[in-house]
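Novice: Take a look at the following structure, please.
Residue numbers (full-length UniProt numbering): 1 to 142.
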C-alpha cells in the first residue's frame, strides 16, 4: 500500500472518487464508528455522480457527524495504491462549531479524542492522512 500526496490541481477532477474530512470539535479530533463495525474512522465517503468534490466533503461531514456549522478547508489530493489499483481522493480539514443530531445513515457513534484512536478501521491509511492535515494546519498557527 502506498499513499502519495499532490498539490491542488495536479489530479483531474473527475478522477477524485472520495472526500476525507479530518475534523475537530471543541479541541478534540472527531472520529466516527460505522454501525456495523467496532472501530473508528475519519469521516469520509464516495463522491456521487456529477457531484463537486467540495460538496461531497460537506455532505459526508454532515451525514457522518451531524455537523451544522463548520469551517472546511481543502488540504490536498492524494492517491492510494493497493497492488496495481490506484484511486484518488481529496483531503479536507473541518473545524466544527456546532453539531446537530446524527442523521440516520450508516454511522452509529461520533467520538471525540485528544489523539488519533488506536482501534482504527484503516490503521495503515488513516494515521498518514491525519498527520498530513496536522502538518498543514500547523503551518498556519502562529
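Where a beta carbon is used, it is the ideal one built from N, C-alpha and C, also for glycine.
Return the CA-CA distance between residue 50 and residue 89, expressed in angstroms with no decimal places.
Specialist: Rounded to whole angstroms, residue 50 to residue 89 spans 15 Å at the Cα level.
Novice: DSSP state of residue 5, grouped into three classes?
Specialist: Residue 5: strand per DSSP, three-state reduction.
Novice: So what's residue 85 in DSSP terms, helix, strand or just coil?
Specialist: Three-state result, residue 85: strand.
Novice: For the pair the region 114-121 and the region 67-76, tell me if three or more CB-CB distances fall below 8 Å.
Specialist: They do not touch, by the three-pair rule.
Novice: Do you know offhand how far residue 75's Cα is from residue 126's?
Specialist: The straight-line gap from Cα to Cα measures roughly 15 Å.
Novice: Going by the beta-carbon positions, is the gap between residue 22 and residue 129 smaller than 8 Å?
Specialist: It is a contact, given that the beta carbons lie within the stated cut-off.
Novice: Whole angstroms are fine: how far does the CA of residue 6 sit from the CA of residue 61?
Specialist: Roughly 22 Å between the two C-alpha positions.
Novice: Our contact map puts residue 67 next to residue 47 with C-beta atoms below 8 Å; I'd like the distance itself, whole angstroms only.
Specialist: Rounded, the Cβ-Cβ distance is 18 Å, inconsistent with contact.
Novice: Just the Cα atoms here: how many angstroms apart are residue 132 and residue 45?
Specialist: Going from the Cα of residue 132 to the Cα of residue 45 covers about 18 Å.
Novice: Beta carbon of residue 35, beta carbon of residue 108: below 8 Å?
Specialist: Yes; because the gap between Cβ atoms is below 8 Å, this pair is in contact.
Novice: Closer than 7 Å by C-beta to residue 99: which residues in its own chain qualify, once you throw out the five before and the five after it? Chain order, please.
Specialist: Once the five neighbours on either side are set aside, the close Cβ partners of residue 99 are 25, 65, 66, 67, 68.
Novice: If you draw a straight line from the C-alpha of residue 105 to the C-alpha of residue 42, how long is it?
Specialist: For residue 105 and residue 42, the distance between alpha carbons rounds to 16 Å.
Novice: Per DSSP, which one or two residues make a beta bridge with residue 129?
Specialist: Bridge partners of residue 129: none, in fact.
Novice: What whole-angstrom Cβ distance do residue 31 and residue 57 have, given they're in contact under 8 Å?
Specialist: Not really, about 16 Å apart at Cβ, beyond 8 Å.
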